[in-house]
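K.L.:
Numbers in my numbering are just positions in the sequence shown, counted from 1, shifted up by 5.
Glycine included, each C-beta is placed from N, C-alpha and C at the ideal position.
What follows is a structure written as structure tokens; I'll ask about it next.
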Amino acid sequence: MSNPAATAKGSAERALFVLATLARLGRGASIAELIELTGLAQSTLYRQLALLRRWGFVIGRQKEFSPGPLCVPLAWGFDQTSFLTSAAHDKMEEMSVASGESIGLMVAVGQQIICLDMVESHHPLRCSFVKGRVLPLYRGATAKALLAFMHPGQRQAALKHLQTGQPLDASALAAFAQQLDDIRVAGYAASNGEVDTGIWGASAPLYQTRGADAVAVITLMAPSTRAQGQEKRLIDMTVRGAAHISSRLQSL
6 MSNPAATAKG SAERALFVLA TLARLGRGAS IAELIELTGL AQSTLYRQLA LLRRWGFVIG
66 RQKEFSPGPL CVPLAWGFDQ TSFLTSAAHD KMEEMSVASG ESIGLMVAVG QQIICLDMVE
126 SHHPLRCSFV KGRVLPLYRG ATAKALLAFM HPGQRQAALK HLQTGQPLDA SALAAFAQQL
186 DDIRVAGYAA SNGEVDTGIW GASAPLYQTR GADAVAVITL MAPSTRAQGQ EKRLIDMTVR
246 GAAHISSRLQ SL
């Protein structure tokens, strides 16, 4: 099979080839990895990345590059037929009705969380996590569940990134890593007020392949005052909902 880089003619095609390579990875990639995956010379690759960054299709620094914020509005036109949103949305609606709370479908892209889909609570007082919103991959149930259930190598890279981006010493980082291990054993993550004051959340992983790493998480979000005393019921509902969606994903 021919190398796509060899058939990409002109700067525009090469830039699209680089963007497609990043999109297929679904995570950040180093220059060395992108050189290996694309077959492009380093100087050529840097020129394409600079063009994509200028237009907002790529974010990153010298060490790692990821799909950028302008990819989100493009995804909005796609996600109605996305296998993740298609498999998850009906169950998310059912969970929202049963719990009275908001349910989100979240993925990790590089060192960030992106909300792919959201079913909002009918209550006037509710947690509203806007579809397309991007958050750092660190605090809260969603971030911790995504980190806990991702590929160990990807998690290690994320933790290494945290060490440079957050005021975490070696002891705090080790404690955080242990917390992620505990979450993986428990099968879910829960948090209260870690991202937004007064918001409680529970997250559970979605698996496209049994025994593989998670492809996304669903998160139930509620005002802390309404979740108080209901935590176990809401966590159980989230875990059961995630298992149901995983079964659907595995049958596609």
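Measuring alpha carbon to alpha carbon, tell me which residue in His128, Ala17 and Leu167 is nearest Ser101.
P.N.:
Comparing Cα positions, the closest option is His128.
K.L.:
Applying the 10 Å Cβ sphere with the 16-neighbour rule, what's the burial state of Arg245?
P.N.:
Classification for Arg245: exposed.
K.L.:
CB-CB under 6 Å to Thr86, same chain, minus the five flanking residues each way: which ones, in chain order?
P.N.:
Note that Thr86 has pLDDT 44, beneath the 50 cutoff, so the model's placement of it is unreliable and no number is given.
K.L.:
Our contact map puts Ala207 next to Ala191 with C-beta atoms below 8 Å; I'd like the distance itself, whole angstroms only.
P.N.:
No, Ala207 and Ala191 are not in contact; Cβ-Cβ is about 11 Å, not under 8 Å.
K.L.:
Output the boundary residues of the alpha helix (DSSP H) element that contains Gln53.
P.N.:
Counting along the chain, the alpha helix (DSSP H) containing Gln53 begins and ends at Gln47 to Arg59.
K.L.:
Please name the residue, chosen from Leu173, Ala55, Tyr143 and Ala180, that lies closest to Ala163 on a Cα-to-Cα basis.
P.N.:
Of Leu173, Ala55, Tyr143 and Ala180, the residue nearest in Cα terms is Tyr143.
K.L.:
Put Phe62 into one of helix, strand or coil per three-state DSSP.
P.N.:
Coil at Phe62, not helix or strand.
K.L.:
Taking three-plus beta-carbon pairs below 8 Å as touching, is the region 229 to 241 in contact with the region 111 to 120?
P.N.:
No: the two stretches stay apart, fewer than three of their Cβ pairs being nearer than 8 Å.
K.L.:
With a threshold of 7 Å on Cβ separation, who are the neighbours of Leu54 within its own chain once the five nearest residues in sequence on each side are excluded?
P.N.:
Within the same chain, Leu54 has close Cβ partners Val23, Val63 and Phe70.
K.L.:
Look up Val124 in the DSSP assignment and say whether it is helix, strand or coil.
P.N.:
Val124 falls in the strand class under three-state DSSP.
K.L.:
Measuring only the C-alpha atoms, how far is Asp174 from Gln168?
P.N.:
In a straight line, the C-alpha of Asp174 is about 7 Å away from that of Gln168.
K.L.:
Of all the options Ala219, Thr90 and Asp201, which has the alpha carbon lying nearest to the alpha carbon of Cys120?
P.N.:
The candidate whose alpha carbon is nearest that of Cys120 is Thr90.
K.L.:
Grab me the residues of Ser16's own chain with a C-beta within less than 6 Å of its C-beta, minus the 5 sequence neighbours each way, in chain order.
P.N.:
Taken in chain order, the list of residues that qualify is empty.
K.L.:
Here's a check: name, in chain order, each residue in its chain whose Cβ is nearer than 6 Å to the Cβ of Met97, leaving out the five neighbours to either side.
P.N.:
Excluding residues within five positions, the ones whose Cβ falls inside 6 Å are Ile108 and Val124.
K.L.:
Which residue from Ala227, Ile250 and Ser256 puts its Cα closest to that of Ala93?
P.N.:
The shortest C-alpha separation from Ala93 is found at Ile250.
K.L.:
Would you check whether the ligand NAP has a heavy atom nearer than 7 Å to the C-beta of Phe62?
P.N.:
With respect to the ligand NAP, the structure shown offers nothing to examine, as it has no ligands at all.
K.L.:
If you draw a straight line from the C-alpha of Pro157 to the C-alpha of Gly31, how long is it?
P.N.:
One C-alpha to the other measures close to 15 Å.
K.L.:
Which residues share a DSSP beta bridge with Gly206?
P.N.:
Answer is Ser196 and Met226.
K.L.:
Please say whether Arg19 and Cys45 have beta carbons closer to each other than 8 Å?
P.N.:
In the sequence on display, residue 45 carries Leu and not Cys. Taking 8 Å as the Cβ cut-off, Leu45 and Arg19 qualify as a contacting pair.
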